[in-house]
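J.: Below are the structure tokens for one structure; questions will follow.
Protein chains: 2
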Amino acid sequence: MPDPSSPDDTIPTLQDVARKAGVSTATVSRCLNAPQQVSTATRETVMAAVTALGYAPNFGARALAAKRTNTFGAIVPTMRNAIFAEGLQAFQEELGAHGVTLLVASSSYRPDLEADQIRALVARGADALLLIGHDRDPESYGFLERRKVPYVVTWAHRAGSGRSSIGFDNTRAMADLTREVIGLGHRKLALIAGERGTNDRARDRADGVALAMTASGLDPKDLVLVEAPYGTDAGARAFADVMAAPRPPTAVLCGNDVIAAGALSQAHTMGLDVPGDVSITGFDDIELAGLLTPGLTTVAVPHRDMGRGAARTLVDLCNGQPAGKEVELPASITWRASLGPAPD
Amino acid sequence: MPDPSSPDDTIPTLQDVARKAGVSTATVSRCLNAPQQVSTATRETVMAAVTALGYAPNFGARALAAKRTNTFGAIVPTMRNAIFAEGLQAFQEELGAHGVTLLVASSSYRPDLEADQIRALVARGADALLLIGHDRDPESYGFLERRKVPYVVTWAHRAGSGRSSIGFDNTRAMADLTREVIGLGHRKLALIAGERGTNDRARDRADGVALAMTASGLDPKDLVLVEAPYGTDAGARAFADVMAAPRPPTAVLCGNDVIAAGALSQAHTMGLDVPGDVSITGFDDIELAGLLTPGLTTVAVPHRDMGRGAARTLVDLCNGQPAGKEVELPASITWRASLGPAPD
DNA sequence: GGAATGAATGTAAGCGCTTACATTTTTCCT
DNA sequence: AGGAAAAATGTAAGCGCTTACATTCATTCC
Numbered sequence: 001m002p003d004p005s006s007p008d009d010t011i012p013t014l015q016d017v018a019r020k021a022g023v024s025t026a027t028v029s030r031c032l033n034a035p036q037q038v039s040t041a042t043r044e045t046v047m048a049a050v051t052a053l054g055y056a057p058n059f060g061a062r063a064l065a066a067k068r069t070n071t072f073g074a075i076v077p078t079m080r081n082a083i084f085a086e087g088l089q090a091f092q093e094e095l096g097a098h099g100v101t102l103l104v105a106s107s108s109y110r111p112d113l114e115a116d117q118i119r120a121l122v123a124r125g126a127d128a129l130l131l132i133g134h135d136r137d138p139e140s141y142g143f144l145e146r147r148k149v150p151y152v153v154t155w156a157h158r159a160g161s162g163r164s165s166i167g168f169d170n171t172r173a174m175a176d177l178t179r180e181v182i183g184l185g186h187r188k189l190a191l192i193a194g195e196r197g198t199n200d201r202a203r204d205r206a207d208g209v210a211l212a213m214t215a216s217g218l219d220p221k222d223l224v225l226v227e228a229p230y231g232t233d234a235g236a237r238a239f240a241d242v243m244a245a246p247r248p249p250t251a252v253l254c255g256n257d258v259i260a261a262g263a264l265s266q267a268h269t270m271g272l273d274v275p276g277d278v279s280i281t282g283f284d285d286i287e288l289a290g291l292l293t294p295g296l297t298t299v300a301v302p303h304r305d306m307g308r309g310a311a312r313t314l315v316d317l318c319n320g321q322p323a324g325k326e327v328e329l330p331a332s333i334t335w336r337a338s339l340g341p342a343p344d
Numbered sequence: 001m002p003d004p005s006s007p008d009d010t011i012p013t014l015q016d017v018a019r020k021a022g023v024s025t026a027t028v029s030r031c032l033n034a035p036q037q038v039s040t041a042t043r044e045t046v047m048a049a050v051t052a053l054g055y056a057p058n059f060g061a062r063a064l065a066a067k068r069t070n071t072f073g074a075i076v077p078t079m080r081n082a083i084f085a086e087g088l089q090a091f092q093e094e095l096g097a098h099g100v101t102l103l104v105a106s107s108s109y110r111p112d113l114e115a116d117q118i119r120a121l122v123a124r125g126a127d128a129l130l131l132i133g134h135d136r137d138p139e140s141y142g143f144l145e146r147r148k149v150p151y152v153v154t155w156a157h158r159a160g161s162g163r164s165s166i167g168f169d170n171t172r173a174m175a176d177l178t179r180e181v182i183g184l185g186h187r188k189l190a191l192i193a194g195e196r197g198t199n200d201r202a203r204d205r206a207d208g209v210a211l212a213m214t215a216s217g218l219d220p221k222d223l224v225l226v227e228a229p230y231g232t233d234a235g236a237r238a239f240a241d242v243m244a245a246p247r248p249p250t251a252v253l254c255g256n257d258v259i260a261a262g263a264l265s266q267a268h269t270m271g272l273d274v275p276g277d278v279s280i281t282g283f284d285d286i287e288l289a290g291l292l293t294p295g296l297t298t299v300a301v302p303h304r305d306m307g308r309g310a311a312r313t314l315v316d317l318c319n320g321q322p323a324g325k326e327v328e329l330p331a332s333i334t335w336r337a338s339l340g341p342a343p344d
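Residue numbers (this note's numbering), protein chains in the order written: chain A, 1 to 344; chain B, 1 to 344.
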């Protein structure tokens, strides 16, 4: 008597289903991919066989034969904090509505790793890719062009890049914020920037600060600029450094909210009142920004719109629309308590 | 004159590399997968051809032929906050050390979606799976057994489950914390639990509170228990509800740090002093807990140890080790300022 | 009633790769 | 130098699926 608990020890294939339903593999395949081409009667027989056998198509084989996977990939610099979480979520939701699955990889802000991930995702059959920022080895772009894999660059806007992109103007957003800071009487500013060498957003944001200073008659040379990896610890350390100066700044702008959270925490540790003694601002407006005390004044970026727009762009590109459309979305300032007037 | 900018319009295959290098496809394949089997000279020729052509292996074809992908999958309830981020990071790092790639999917805390994701990841060729918690449709377990896909259950320990697992005792951890709370004189407790219906961790933690109350001579019936989805908004709302009672609790235990962050934020809004008027505790000890004001007293769970251990377990399982090993890791309490003595 | 039409199904050729097995080349003894 | 063992390489059979094309069968129309 056979063991009833293991109905059939092997993984069922299309072949098995076809045999069981008494049809050809082609018919089974059609039942699964283009049901309207199959008569109702056969379809029912086949589907019955499918469920009876617990059949699930082999993705690799399908991809190999069909040359598409209905899978898009996204490569984000980090998944350790929420910076990209909201945008990704929206991206995924929109993709889901189009029957597309999302694969996510993270590059840890390392260009070399990102290049690997691009290849890995493409090798895995990603039909299209979401990328963060414009900065990357031309070879990576070349690779994607050669393989004709559509991609969209997000989180940044660079007019005339020639690449499909959807993002906001990091420079302008940071300049806007800086203008407000200066408008509150701050003259001695510091910026804890992200690592500009490999990160165009960090670079753009730093440029924004300089731009606004110049526009307001301040000398950008007077900006105290330090770089820190995007992390609270690094943010805290950088803040401590900046404030250790003989004549410390009255406002510390941070390259993102995570750095700002670290800075704020360090301010508490140092017994500094924010914004009484020093103002702190962030960038990104992630949920964290509103949970801190005081709440972080920060740049609200269009997370969800970027995610959703990127998804639509990619779907369009896969349907043969020409690449190169550059969408610029607005960013705004979210006012909370961490930014106040400069102390006298 | 041919266009030099598009060297060859098609995607190079193993075949192409073999032709260019003047060897057989088998040799190329070996160069890529078992270099030590190939003589140095040929290897160099082949690798040169690989780079010259910009060859990248087709993952689907490889999976199809080799019947394994060196890819593991993880399905987490959410990626919107950092609850699982730290553990996943450690998981990924350890996998990387073993040459395994990680694919992540999120189920949004929905059992039906999780079941889909399990099938999707397996169809995509995941060699093994990391799962969070024990609760899920037996059919999902059946599916994995049938396909012989190794998996490990994490974030929870259930003795005698018969499944490979690595986690901590949610009940005991929450009981430990509750005991401390009671020890500080709190008699009127509230718990904002996660949704217990589909979440064994939430259920276990709630049990832990009841257990500790009984052990301390309190009647668990007196516990004010509300459920909330894991989110700050929901946490804030639940906290407001709980505190609206005629005789509000002096300590509000939260099912996780995110709920607690919402509760704390709501306390600020309501002008309540924490812990002067009411104590608040969290669970998970994510980075956020230390950034809030006051810092959150919470249960520190072994994020990284679980992630790393899960990776090792899975690698072992893939190498034929028998399943069923249950590892229990300790959790501890991280003391910060949000928990204080009960007000008189 | 029979030809023309169209719907439903089947046949079979790959998709790009791995690997068991066969063959050739090199190495190292005696 | 001769030959056995070891190392390097080649041959070719699939892996599970899709799809162009061929075939069969039921309609429809004159």
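Cβ coordinates follow ideal geometry from the N, Cα and C atoms, glycine included.
Using 8 Å as the threshold, is the C-beta distance between N319 (chain A) and I83 (chain A) below it?
T.: For N319 (chain A) and I83 (chain A), no; Cβs fall outside 8 Å.
J.: Who pairs with C254 (chain A) in a beta bridge, going by DSSP?
T.: DSSP lists A:I192 as partners of C254 (chain A).
J.: With 8 Å set as the bound, which would you pick, yes or no: does the beta-carbon of G87 (chain A) sit closer than that to a beta-carbon of chain B?
T.: So, not an interface residue.
J.: Give the secondary structure of L211 (chain A) by DSSP, where H, G and I count as helix, E and B as strand, and everything else as coil.
T.: Here L211 (chain A) sits in helix by DSSP.
J.: As a quick exercise: from B:P12, B:L184, B:A234, pick the residue whose alpha carbon is nearest that of A193 (chain B).
T.: Looking at the Cα atoms, B:A234 is the closest of the given residues.
J.: According to DSSP, which residues form a beta bridge with T71 (chain B)?
T.: The partner list for T71 (chain B) (beta bridge, DSSP) reads B:T101.
J.: Alpha carbon to alpha carbon, how far is G133 (chain A) from V242 (chain A)? Give it in angstroms, no decimals.
T.: The straight-line gap from Cα to Cα measures roughly 28 Å.
J.: Consult DSSP for S345 (chain B) and reduce its assignment to one of helix, strand or coil.
T.: This structure cannot speak to residue 345 (chain B), because chain B is shown only from 1 to 344.
J.: When the Cα of G142 (chain A) is compared with those of A:H157, A:R119, A:A126, which residue comes out closest?
T.: Measuring from the Cα of G142 (chain A), the nearest candidate turns out to be A:R119.
J.: Which of the three DSSP states, helix, strand or coil, is assigned to I280 (chain A)?
T.: Looking at I280 (chain A) - three-state DSSP - the assignment turns out to be strand.
J.: What does E287 (chain B) reach in chain A if we use C-beta pairs closer than 7 Å?
T.: In chain order: T232.
J.: Just how far apart, CA to CA, sit S108 (chain A) and A263 (chain A)?
T.: Their Cα atoms are separated by approximately 21 Å.
J.: Determine, for T268 (chain A), whether the minimum Cβ-Cβ distance to residues of chain B falls below 8 Å.
T.: Before going further, note that residue 268 (chain A) is His rather than Thr in the sequence given. Yes - at least one Cβ of chain B is within 8 Å of the one on H268 (chain A).
J.: For R62 (chain A), does the count of other Cβ atoms within 10 angstroms reach 16, so buried, or fall short, so exposed?
T.: Its Cβ being crowded by 16 or more others within 10 Å, R62 (chain A) is buried.
J.: Which residues bound the alpha helix (DSSP H) around S29 (chain A)?
T.: First-last of the alpha helix (DSSP H) with S29 (chain A): 25-33.
J.: Note down the Cα distance separating N170 (chain A) from I286 (chain B), rounded to an integer number of angstroms.
T.: The alpha-carbon atoms of N170 (chain A) and I286 (chain B) are separated by roughly 29 Å.
J.: What residues from the stretch 46-64 of chain A come within 9 Å of chain B, judged by C-beta to C-beta, listed N to C?
T.: From the stretch 46-64 of chain A, only G54, A56, P57, N58, F59, G60, A61, R62, A63, L64 have a Cβ closer than 9 Å to chain B.
J.: Quick one: measure Cβ to Cβ for G282 (chain B) and C254 (chain B), integer angstroms, because I've assumed they're closer than 8 Å.
T.: Rounded, the Cβ-Cβ distance is 5 Å, consistent with contact.
J.: Any C-beta of chain B within less than 7 Å: which residues of the stretch 283-308 of chain A qualify?
T.: Listed in sequence order: E287, L288, L291, L292, T293.
J.: In whole angstroms, give me the CA-to-CA distance for A97 (chain B) and V104 (chain A).
T.: A97 (chain B) and V104 (chain A): Cα-Cα distance of roughly 19 Å.
J.: Just to confirm before moving on: does the CB-CB distance between N70 (chain B) and V100 (chain B) stay below 8 Å?
T.: Yes; because the gap between Cβ atoms is below 8 Å, this pair is in contact.
J.: List, in chain order, every chain A residue whose beta-carbon is nearer than 7 Å to that of T101 (chain B).
T.: Chain A residues near T101 (chain B): A120.
J.: If you draw a straight line from the C-alpha of Q89 (chain A) to the C-alpha of V226 (chain B), how long is it?
T.: Their backbone Cα atoms lie some 27 Å apart in a straight line.
J.: Is the shortest distance between the beta-carbon of V104 (chain A) and the beta-carbons of chain B less than 8 Å?
T.: For V104 (chain A), the answer is yes, since a Cβ of chain B falls inside 8 Å of its Cβ.
J.: Flag F143 (chain A) as yes if its beta-carbon sits less than 8 Å from any beta-carbon of chain B, otherwise no.
T.: Chain B, which has a Cβ nearer than 8 Å to the Cβ of F143 (chain A), makes this yes.
J.: What residue range does the beta strand (DSSP E) around T334 (chain B) cover?
T.: Run containing T334 (chain B): 332-334, per the beta strand (DSSP E) assignment.
J.: On the DSSP bridge assignment, give the partners of S106 (chain A) in chain order.
T.: DSSP, once it has assigned bridges, lists A:V76 as partnering S106 (chain A).
J.: So, under 8 Å CB-CB, T298 (chain A) and T334 (chain A) are touching, yes? Tell me the CB distance rounded to an integer number of Å.
T.: Indeed, because the Cβ distance is near 5 Å, the residues count as touching under 8 Å.
J.: Please identify, using Cβ separations under 7 Å, the residues of the stretch 8-31 of chain B that lie next to chain A, in order along the chain.
T.: Flagged, chain order: I11.
J.: Suppose contacts are defined by Cβ-Cβ distances below 8 Å. Is H186 (chain B) in contact with E328 (chain B) by that definition?
T.: Contact flag unset, no.
J.: Can you tell me which of the three DSSP states G60 (chain A) falls into?
T.: It is helical.
J.: For G324 (chain A), decide whether its Cβ has a neighbour in chain B, counting only Cβ atoms nearer than 8 Å.
T.: G324 (chain A) does not count as touching chain B.
J.: Taking 8 Å as the threshold (beta carbon to beta carbon), is R196 (chain A) in contact with chain B?
T.: Not one chain B Cβ lies under 8 Å of R196 (chain A).
J.: To the nearest whole angstrom, what separates the beta carbons of I280 (chain B) and S338 (chain B), a pair I think is in contact under 8 Å?
T.: Contact flag correct, Cβ pair sits at about 5 Å.
J.: Could you have a look at I11 (chain B) and say whether DSSP puts it in helix, strand or coil?
T.: The answer is coil: DSSP assigns I11 (chain B) none of H, G, I, E or B.
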